[in-house]
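Working notes for the structure below.
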Amino acid sequence: MSGLLSVFFHLLLLFKLVAPVTFRHHRYDDLVRTLYKVHNECPYITRVYSIGRSVKGRHLYVLEFSDYPGIHEPLEPEVKYVGNMHGNEVLGRELLLQLAEFLCEEFRNANQRIVRLVEGTRVHIMPSMNPDGYEVAAAQGADISGYLVGRNNANGVDLNRNFPDLNTYVYYNEKHGGPNHHLPLPDNWKSQVEPETEAVIHWIRSFNFVLSANLHGGAVVANYPYDKSLEHRVRGVRRTANTPTPDDKLFQKLAKVYSYAHGWMHQGWNCGDYFPDGITNGASWYSLSKGMQDFNYLHTNCFEITLELSCDKFPRQEELQREWLGNREALIQFLEQVHQGIKGMVLDENYNNLAEAVISVSGINHDVTSGDHGDYFRLLLPGTYTVTATAPGFDPETVTVTVGPGEPKLVNFHLKRSIPQATPTRRVPNPGHGRRVLPKKVQPRAREEDEETKRPQRVPA
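Heads up: the sequence shown is residues -20 to -1, 1 to 441, going by mature numbering (1 follows the signal peptide of the UniProt record, and there is no 0).
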């Protein structure tokens, strides 16, 4: 009898491990429990952390997947998903919780695709950037009469119109010259943003994110930068005009990867709208100022797109399983896109890491920088490129590299310190007969730290 009981409990445990997850909406407490449940089931590849709190004090939780949680491994790229920025757009929140459970379960089942992803990528999942707004929307349920109920945070602010506007500066710089990346923040930026926005800004400045997606609802389309039109307003009227980034072809490819891996996004006709290939430039759809995806591109190394995933902002619970099946492959494929282009280390002659070295690609007017560990990542389409690494006090190094469609090409740079050049001696006319002509005092070349101050600097975190 005891043997039969043992077999019964073994089968019960096995069923529990493979039983499908219940598809339901998660309030804040349920969300927290789910994140820690995943962590407890996969403690060696996950970490739960908070980047800050909402207006009402709710944590902005992130679940990290990595073979070394909490540690940046040089040459291993960082990628993130952010959901529920608008509190009433809830599908992204549920999809990211489902994704977290899926990654954990498939890793435990030795799914080699997921094992490679976790061991070669550091994935950060934030299910909800606006937990206060979600609670307002959820209290009304799926049958919300007010379409925008819960959209904003507890202070009534739209978080996707709350980031510092860097587009104005880059559009000016494109015409008149100036930095094309890592644009500095205004001195008073903290007084202009909400607690949730400030927390996210500190977060994306603390990690060298390479790729990101922001999950929304209300349409079905993959939207890529720029979101703000070059001519945002003309005589008070918002202008919609295609406003591409210097990486437009790459962004289109990233958007198409998600669209064509999605169950129906690529078909184009959704929610009464038509988007060819299921993608759109943000500004050609409608111009949006102070958005998060443009901010990522202009202030950090991160390439972010916005995914509109459902016609219904708050889909019914019985629709969640279909939505998961329609998005699961796309969510995985998009994460895998971080492994393309070139990556490498920037070192000096003594093999010391050089942080904040600038990596420039000829013909693409947008640079990236190396991280604190000296590693850099530059997403590129297949092709042949001329790439230059520069750092203050060092001679630049330029290489030609051919990028294929597969794994990123490893391109390391070893920069040599610049040799100070003495100012030539200048002789002055002899004012008097027989007097010795004294050479002008040689001026030493400016020190490295003086050179550092001459180039635009990132505002420290």
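Note that beta-carbon positions come from the ideal geometry of N, C-alpha and C, so glycine has one too.
Quick one: using the 10 Å Cβ neighbour count with 16 as the cut-off for buried, is residue i buried or exposed?
| i | result |
| --- | --- |
| residue 112 | buried |
| residue 48 | exposed |
| residue 332 | exposed |
| residue 271 | buried |
| residue 443 | Since the first residue shown for the chain is -20 and the last is 441, residue 443 is missing from the structure and cannot be characterised. |
| residue 444 | The shown model of the chain, from -20 to 441, leaves out residue 444, and the question about it has no answer. |
| residue 197 | buried |
| residue 97 | buried |
| residue 390 | exposed |
| residue 447 | Nothing about residue 447 can be read from this structure; the chain reaches only from -20 to 441. |
| residue 371 | buried |
| residue 183 | buried |
| residue 322 | buried |
| residue -19 | Confidence at residue -19 is low in this model, with a pLDDT of 42, below 50, so the placement of that residue should be treated as unreliable; the coordinate-derived value is given next. Per the 10 Å Cβ criterion, exposed. |
| residue 221 | exposed |
| residue 134 | buried |
Quick one: what's got a C-beta closer than 7 Å to residue i's C-beta in the same chain, skipping five residues either side?
| i | result |
| --- | --- |
| residue 309 | 241 |
| residue 105 | 42, 43, 61, 76, 79 and 80 |
| residue 25 | 45, 46, 47, 49, 87 and 98 |
| residue 246 | 239, 240, 257 and 258 |
Would you mind reading off the limits of the beta strand (DSSP E) that contains residue i?
| i | result |
| --- | --- |
| residue 45 | 39 to 45 |
| residue 33 | 26 to 33 |
| residue 284 | 283 to 290 |
| residue 356 | 355 to 358 |
| residue 346 | 344 to 349 |
| residue 340 | 338 to 341 |
What does a CB cutoff of less than 6 Å around residue i pick up in its chain, not counting 5 residues either side in sequence?
| i | result |
| --- | --- |
| residue 66 | 131 |
| residue 74 | 300 |
| residue 21 | 84 |
| residue 447 | Because the chain here runs from -20 to 441, residue 447 falls outside it and cannot be looked at. |
| residue 337 | 326, 350, 369 and 371 |
| residue 141 | 270 |
| residue 260 | 201 and 203 |
How is the alpha helix (DSSP H) around residue i delimited, first residue to last?
| i | result |
| --- | --- |
| residue 471 | With the chain represented from -20 up to 441, any question about residue 471 goes unanswered, as that position is not in the structure. |
| residue 148 | 147 to 156 |
| residue 222 | Looking at the DSSP string, residue 222 is not in any alpha helix (DSSP H), and its letter there is neither H nor E. |
| residue 232 | 228 to 241 |
| residue 21 | 8 to 21 |
Based on DSSP bridge pairs, tell me the residues matched to residue i.
| i | result |
| --- | --- |
| residue 381 | 365 |
| residue 63 | 195 |
| residue 167 | Answer by DSSP bridge pairing: none, since residue 167 is not bridged. |
| residue 58 | 102 and 189 |
| residue 203 | 260 and 286 |
| residue 249 | 254 |
| residue 5 | BP columns for residue 5 are empty, so no partner. |
| residue 374 | 397 |
| residue 333 | 327 |
| residue 389 | 322 |
Apart from the five residues just before and just after residue i, which ones in its own chain have a Cβ nearer than 8 Å to its Cβ?
| i | result |
| --- | --- |
| residue 397 | 328, 329, 373, 374 and 375 |
| residue 214 | For residue 214, the pLDDT reaches just 46, beneath the cut-off of 50, and the residue's location in the model is therefore unreliable, leaving the point undetermined. |
| residue 250 | 199, 200, 201, 244, 258 and 291 |
| residue 59 | 101, 102, 103, 104, 189, 190, 191, 192, 315 and 318 |
May I ask you to check if the CB of residue i is nearer than 8 Å to at least one heavy atom of the ligand COA?
| i | result |
| --- | --- |
| residue 319 | As for the ligand COA, it is missing from this structure, which has no ligand bound. |
Entirely enclosed alpha helix (DSSP H) segments - the segment 79 to 139, minimum 4 residues: 92 to 100 and 111 to 120
Any beta strand (DSSP E) of 3 or more consecutive residues that is wholly inside the segment 252 to 313: 259 to 261 and 283 to 290
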